[in-house]
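Structure first, then comments.
Protein chains: 2
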Amino acid sequence: MKITGKTRIMFILADPVAHVIGTDVLNQAFAARGLDLACSPLHVPPEGLASVLQGLRQIRNLAGFGCTIPHKAAVLPLLDQLTEEARAIGAVNFVRRESDGSLTGTNVDGAGFMAGLKAQGVEVTGRRALLLGAGGVGRPIAFSLALAGLSELVIANRDLTRAEDLAEGVRALVPGCRTRACESREMPPPEGFDLVINATSLGMKPDDALPFDPRRLQPQSVVAEVIMTPAVTPVMAMAAARGCLCVPGLAMMRPQAGLVAEFLGL
Amino acid sequence: MKITGKTRIMFILADPVAHVIGTDVLNQAFAARGLDLACSPLHVPPEGLASVLQGLRQIRNLAGFGCTIPHKAAVLPLLDQLTEEARAIGAVNFVRRESDGSLTGTNVDGAGFMAGLKAQGVEVTGRRALLLGAGGVGRPIAFSLALAGLSELVIANRDLTRAEDLAEGVRALVPGCRTRACESREMPPPEGFDLVINATSLGMKPDDALPFDPRRLQPQSVVAEVIMTPAVTPVMAMAAARGCLCVPGLAMMRPQAGLVAEFLGL
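Protein chains in written order, with this note's numbering: chain A, -15 to 250; chain B, -15 to 250.
Structure representation (structure tokens):
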């Protein structure tokens, strides 16, 4: 990769930042498409977000920037325009800088997640899913799964209010998907679900608790993970040992380069 | 080059930006030193500089940033600390972000220029130099040449006041160097000078006028250029055809990676 004054730039805003590999995934994908575009990580603490965004508006060779934990929801009120997806989801994971410096937010997490499932041949229509986490990445996954024809969705979250809020949003958009919320510690065991998705951050740190009990998985269930570092989380390793097909976090990230390039009109 | 969340970042702020190759020169030099550091160009117009700097203060994985045309002098009042070099020169070409978000400006243009001359075996002590340009890059070159023991320095600039201001500063710092200023169109012909330096931007655009008349160069004169794109400017090509040793702009840039790494404590 050669970065010169002709290279358009892109960032991923995160805090913490050391675990981020999306910059490299995007850079490799852009290079493969012959695009002169370079993505770097910006370690932005929550209290610095507004000020950083004011600065980014002024940078003329900035194509856009990705947002990850903890900025996906916090960035919303700081933007000028939102796509329908971002508005419905209530979270933004990519922002385009328009030529006048205004900022348009979208969310390609859901589309990336669905593309990752599809690449592994995972069927969603008519199936039952257990989703752990109703945060910045859980929200787009819930909407995308429901829109893809899921028959039943259970959303488990530490904070019940957020899970209920998300369930209500999904029911309003896709009444045909039976959607309910529960508190994490009251969630049903994973057996009986075709798809179990970890959309929490549990598994990033070595001493994290398991997001659900993998001993109660049936081998025909698919386990999907949103965490990219480590590439194989403890719960994935245990699920794989039980014979489950596992879809890693990277599977969700990789298609996003194409989705982002499309959103940027490249 | 692999850019991940562990990579420390760096920028070069410029307007225009398309001609910038310093990002690539630095990235190659950092990689050769085994440093996980990536430099990208930021196209920042003058009216956006203050806002961009406020944002950069918030970015915790930012090692620092370079400043080039037109920001070298404009950035000064926006910084918290200046090195002695930057203060004397009145221009900053590199800024370090301290861990508390404060910004320290320095100037390694002069040291880079001198290292470039040295690498080509060019002697300065006791010699006579004609310097074209008294701007952000002409200023550090003037001070560095005088400090290196030049016997005579003529500074030609379109705006005579700036040339006189610089000449006065050099005389105050190095009384032993006979330094005088003149307006560009009144400048003496290059013959008789051991060293002729183009520190103007003339030569970047194909239809630029020549910064001086190379037909009046003597073959024993050395011609130094600060422009990096194109690598060989028209005046350099004509000087080389007359048998003059030419020191390209890249020779001044290349040593700066080491100087910047040292300033950053890497």
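In this text, a Cβ means the ideal position worked out from N, Cα and C, and glycines have one as well.
Listed along chain A are Asp8, each with a C-beta nearer than 7 Å to that of Lys(-14) (chain B).
Annotation: Val59 (chain A) is outside any alpha helix (DSSP H) and is labelled neither H nor E by DSSP. In this structure the stretch 100 to 109 of chain B does not lie against the stretch 71 to 90 of chain B, because fewer than three pairs of beta carbons, one per stretch, are closer than 8 Å. In the DSSP assignment, Pro218 (chain B) falls within the alpha helix (DSSP H) that extends over 218 to 225. Residue-level contact check: Leu63 (chain A) does not touch chain B, since none of the beta carbons of chain B fall below 9 Å from its beta carbon. Judged by DSSP in its simplified three-state form, Ile125 (chain B) adopts helix. Burial is judged here by how many other beta carbons sit within 10 angstroms of a residue's own beta carbon; Arg123 (chain B) has at least 16 and is buried.
For the stretch 20 to 32 of chain B, the set of residues with a beta-carbon nearer than 9 Å to any beta-carbon of chain A comprises Ala22, Cys23, Ser24, Pro25, Leu26, His27, Val28, Pro29, Glu31, Gly32, in chain order. By the rule that beta-carbons nearer than 9 Å mark a contact, Ala2 (chain B) touches chain A. A direct Cα-Cα distance of roughly 19 Å separates Ala140 (chain A) from Leu131 (chain A). Closest by C-alpha distance to Gly50 (chain A), out of A:Ala118, A:Arg199, A:Asp8, A:Ala15, is A:Asp8. Inside the stretch 132 to 199 of chain A, DSSP marks whole alpha helix (DSSP H) runs of 4 or more residues at positions 144 to 157, from first to last along the chain. Every unbroken stretch of the beta strand (DSSP E) spanning 3 or more residues and falling wholly within the stretch -3 to 76 of chain B is given here in chain order: 21 to 27, 46 to 51.
Going by DSSP, Gly89 (chain A) is part of the beta strand (DSSP E) stretching over 87 to 90. One thing to note: Ile73 (chain B) has its Cβ within 9 Å of the Cβ of Gly94 (chain B). Taking the C-beta atoms as reference points, Gly119 (chain B) is found nearer than 9 Å to Lys56 (chain B).
Put simply, of B:Arg199, B:Pro172, B:Pro214, B:Ser205 the residue whose alpha carbon is nearest the alpha carbon of Asp191 (chain B) is B:Pro214. Judged by DSSP in its simplified three-state form, Ala215 (chain A) adopts coil rather than helix or strand.
Separation of Val244 (chain B) and Val206 (chain A) (C-alpha to C-alpha, rounded to the nearest whole angstrom) is 50 Å.
Leaving aside the five residues that flank Val1 (chain A) on each side, the residues in its chain whose CB is nearer than 6 Å to its CB run, in chain order, Pro25, His27. Leu40 (chain B) reaches chain A at Val36, Gly39, counting residues in chain order whose Cβ is nearer than 9 Å. Arg199 (chain A) sits exposed, since fewer than 16 C-beta atoms from the chains shown fall within 10 Å of its C-beta. Distances from the CA of Gln42 (chain A) to each of B:Pro30, B:Arg238, B:Thr52, B:Met171 were compared; the closest alpha carbon is that of B:Pro30.
Between Gly117 (chain B) and Val180 (chain B), the CB-CB gap reaches or exceeds 9 Å. If you draw a straight line from the Cα of Thr(-12) (chain B) to the Cα of Ala13 (chain A), it is about 14 Å long.
Nearest Cα to Ala99 (chain A) within the set A:Asp197, A:Thr88, A:Gly233, A:Arg155: A:Gly233. Within its own chain, the residues whose Cβ lies closer than 7 Å to the Cβ of Val158 (chain A), once the five positions on either side in sequence are excluded, are Ala130, Leu131, listed in chain order.
For Thr(-9) (chain A), the residues of chain B that pass the 8 Å Cβ criterion are Thr7, Ser24, Pro25, in the order they occur in the chain. Beta-bridge annotation (DSSP): Leu115 (chain A) is paired with A:Ile139, A:Ile181. Distance from the CA atom of Leu248 (chain A) to the CA atom of Ser168 (chain B), rounded to whole angstroms, is 46 Å.
The beta carbons of Leu115 (chain A) and Ile125 (chain A) sit closer together than 9 Å.
For Leu229 (chain B), the three-state secondary structure derived from DSSP is strand.
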